[in-house]
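Heads up: the structure comes next, in structure tokens.
There are 2 protein chains.
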Amino acid sequence: MTAAETPDETSAGPGGRPADAAVETIQREMTVFARRARASAGRMHPELSLVSYTLLGHLEERDGCRATDLAAHYALDKSTVSRQVSALERAGLIERRVDPDDHRVQVLHLTESGRHALDRVTERRRTAFRERLADWPEEDLTRFAAYLERYNAWPDAAPGGDEDRAAAGGTYG
Amino acid sequence: MTAAETPDETSAGPGGRPADAAVETIQREMTVFARRARASAGRMHPELSLVSYTLLGHLEERDGCRATDLAAHYALDKSTVSRQVSALERAGLIERRVDPDDHRVQVLHLTESGRHALDRVTERRRTAFRERLADWPEEDLTRFAAYLERYNAWPDAAPGGDEDRAAAGGTYG
DNA sequence: CATCGCTGGTTGCACAGTACAACTCTGACC
DNA sequence: GGTCAGAGTTGTACTGTGCAACCAGCGATG
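Here the protein sequences come in this chain order: A and B.
All letters in the first sequence, in the order written, are residues 1 to 173 by the UniProt record's numbering.
All letters in the second sequence, in the order written, are residues 1 to 173 by the UniProt record's numbering.
Structure follows, in structure tokens:
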């Protein structure tokens, strides 16, 4: 059945409601967006990759979190985080302090320089997003924002998704 | 949940209207989503990367498009597309035919096998998305879908974004 | 106290996706 | 024919990523 009819909700399982078409569209558009995000970030702020930006952003709102937290939240391998963290540290954007209570963990903090870099990029992104969303009615903006939060709140990533659910569900605000 | 509250926190910049906060949240959540998308796709359907899936999907709806079209639409370098296309062809999922009118261009088509692979994956994705969105009221789903389409309709990627706008704006629905 | 098992983190390795630049081939126009 | 432009390919290099193997503290158990 042929994905040609994909959007048509035939195979769509439980009943051909408009909801199915909507799900289809959401799936599709999220995918398109995802595909573009990196490149877009690269164009917008070459000095801070999307990943770095995301991690810094996380650190800003939860200053003093551990590498493991980042890994859980973003569904990344700890090795990946380790490397990213190293890079960010090398770049002087964050620093790690060993937790005196548990010498295994290193608590991550933004440096001043990191905060500034983050702010610069955030500003640039904000401008871009704002421009892009300029003619949206406020009501739509808030609803869209809420939908996205709700969508992301799903424990998609973390297999033992506690971190994730907590963070995505409740934290960003 | 409270995208509505998210807002107050950040110095949403010039003029603290709720709209700014919403923009902030949208920016943030889109980013989180983007960060997860690949890994998620990898987990969901290891046999077809997010990129491959996207390209196949594009071919399905616009059968017979050129590599350049793909590059433009997805803001990818033509070399990248070239390689992806090669891989997909090697995997027997697509085939290329030289345009008889212009021997420079090769027109891309899904093979049967490609169509099936795409369908399988689409089905899997559909299921996942549907599960994830299961308890959303239909009204929210349709609105969310519309927002996403509208968002993506922005000619963000393609510098000469005609392709892009057309496709994102009108087609997926 | 010695040891085991767990958790946090790093390192080696492999691989996908990507860009950029240099190149080839083809078609269009003078 | 000569030159320019567009479509694709190839060489090269880099980033992000995961997996597996490893090291290092912590806590429980003998």
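Just so you know, even glycine gets a beta-carbon here, dropped at the ideal spot from N, CA and C.
All of these numbers come straight from a predicted model, not from anything done at the bench.
Exercise. So, using beta-carbon positions, are V81 of chain B and A67 of chain B closer together than 8 Å?
Worked result: Contact flag set, yes.
For this session: Report the three-state DSSP secondary structure of H58 of chain A (helix, strand or coil).
Result: Three-state DSSP puts H58 of chain A in a helix.
For this session: Check the C-beta distance from G117 of chain A over to L48 of chain A and give it rounded, since I have them as a contact under 8 Å.
Result: It is Ala, not Gly, that sits at residue 117 of chain A in the sequence shown. Yes, they are in contact, since the Cβ atoms of A117 of chain A and L48 of chain A sit about 6 Å apart, within 8 Å.
For this session: Starting from E29 of chain B, find everything on chain A with Cβ-Cβ shorter than 8 Å and list it in chain order.
Result: Here the neighbours are A145, L148, E149, Y151, N152 and Y172.
Exercise. By DSSP, does L133 of chain A sit in helix, in strand, or in coil?
Worked result: Three-state DSSP puts L133 of chain A in coil, outside helix and strand.
Exercise. Are the region 142-155 of chain B and the region 86-105 of chain B in contact at 8 Å, needing three or more beta carbon pairs?
Worked result: The region 142-155 of chain B is not in contact with the region 86-105 of chain B.
For this session: Evaluate V98 of chain A with the Cβ neighbour count: other Cβ atoms within 10 Å of its Cβ, from every protein chain shown; 16 or more gives buried, anything less gives exposed.
Result: Taking a 10 Å sphere around the C-beta of V98 of chain A, we find fewer than 16 other C-beta atoms and assign the residue as exposed.
Exercise. What's the C-alpha gap between A137 of chain B and L133 of chain A?
Worked result: The sequence shown places Pro at residue 137 of chain B, rather than the Ala named in the question. The alpha-carbon atoms of P137 of chain B and L133 of chain A are separated by roughly 25 Å.
For this session: List the residues of chain B that D140 of chain A touches, going by C-beta distances under 7 Å, in chain order.
Result: Correct list: Y147.
Exercise. Looking at the C-beta of E24 of chain B, does it have a partner C-beta in chain A at a distance below 8 Å?
Worked result: E24 of chain B counts as touching chain A.
For this session: Report yes or no: do three or more beta-carbon pairs, one from the region 140-150 of chain A and one from the region 142-149 of chain B, lie closer than 8 Å?
Result: As far as the Cβ criterion goes, the region 140-150 of chain A touches the region 142-149 of chain B, which means the pair count is three or higher.
For this session: Please confirm if V32 of chain A has its CB atom under 8 Å from at least one CB of chain B.
Result: With its beta carbon less than 8 Å from one in chain B, V32 of chain A belongs to the interface.
Exercise. By how many angstroms is the C-alpha of V23 of chain B removed from the C-alpha of F33 of chain B?
Worked result: C-alpha separation (whole angstroms): 15 Å.
For this session: Identify whether L93 of chain B lies in helix, strand or coil by the three-state DSSP scheme.
Result: Here DSSP, grouped into helix, strand and coil, assigns L93 of chain B to coil.
For this session: Check the Cβ-Cβ distances between L50 of chain A and every residue of chain B, and say whether any is below 8 Å.
Result: Yes - at least one Cβ of chain B is within 8 Å of the one on L50 of chain A.
Exercise. So what does DSSP say about L141 of chain B, is it helix, strand or coil?
Worked result: In the structure shown, L141 of chain B sits in a helix (DSSP, three-state: H, G or I).
Exercise. Looking only at C-alpha atoms, which of A:E123, A:R115, A:P46 and A:L70 sits nearest to V105 of chain A?
Worked result: If we check each option's Cα against that of V105 of chain A, A:L70 comes out closest.
For this session: Kindly give me the distance between the Cβ atoms of R109 of chain A and G64 of chain A, rounded to whole angstroms, as I take these residues to be in contact under 8 Å.
Result: Per the sequence shown, the amino acid found at residue 109 of chain A is His instead of Arg. Contact flag correct, Cβ pair sits at about 6 Å.
Problem set entry | Check whether A75 of chain A and R36 of chain B have beta carbons under 8 Å apart | It is a contact, given that the beta carbons lie within the stated cut-off.
Exercise. How would you label R83 of chain B, buried or exposed, when you count the other beta carbons within 10 angstroms and need 16 or more for buried?
Worked result: Exposed: under 16 other Cβ atoms inside 10 Å.
Exercise. Of the residues B:L55, B:T25 and B:G42, which one's Cα is nearest the Cα of G114 of chain B?
Worked result: Nearest of B:L55, B:T25 and B:G42 to G114 of chain B, Cα basis: B:L55.
Exercise. Checking contacts by CB at 8 Å: is A117 of chain B closer than that to chain A?
Worked result: No, no contact with chain A.
Exercise. Among B:E89, B:R124, B:R62 and B:S79, which has the Cα closest to the Cα of R43 of chain B?
Worked result: R43 of chain B has its Cα closest to that of B:R124, out of B:E89, B:R124, B:R62 and B:S79.
For this session: In the DSSP assignment, find the unbroken beta strand (DSSP E) run with L48 of chain A in it and report its ends.
Result: L48 of chain A -> no beta strand (DSSP E), and no H or E assigned at all.
For this session: Can you say whether R120 of chain A is buried or exposed, counting buried as having 16 or more other CB atoms within 10 angstroms of its CB?
Result: Exposed, since its Cβ has fewer than 16 Cβ neighbours within 10 Å.
Exercise. If you draw a straight line from the alpha carbon of S86 of chain B to that of S79 of chain B, how long is it in whole angstroms?
Worked result: So the two alpha carbons sit approximately 10 Å from each other.
Exercise. Does the separation of the CB atoms of Y53 of chain A and A39 of chain A fall below 8 Å?
Worked result: In this structure, A39 of chain A does not lie closer than 8 Å to Y53 of chain A by Cβ.
Exercise. Is R150 of chain A helix, strand or coil when you go by DSSP?
Worked result: Helix at R150 of chain A.
For this session: Could you check the C-alpha separation between residue 193 of chain A and H45 of chain B for me, to the nearest Å?
Result: Since the first residue shown for chain A is 1 and the last is 173, residue 193 of chain A is missing from the structure and cannot be characterised.
Problem set entry | Per-residue burial, R90 of chain B [other beta carbons within 10 Å of its own, 16 or more giving buried] | Under this definition R90 of chain B is an exposed residue.
Exercise. What first and last residue would you give for the beta strand (DSSP E) that runs through H109 of chain B?
Worked result: Element bounds for H109 of chain B: Q106 to L110.
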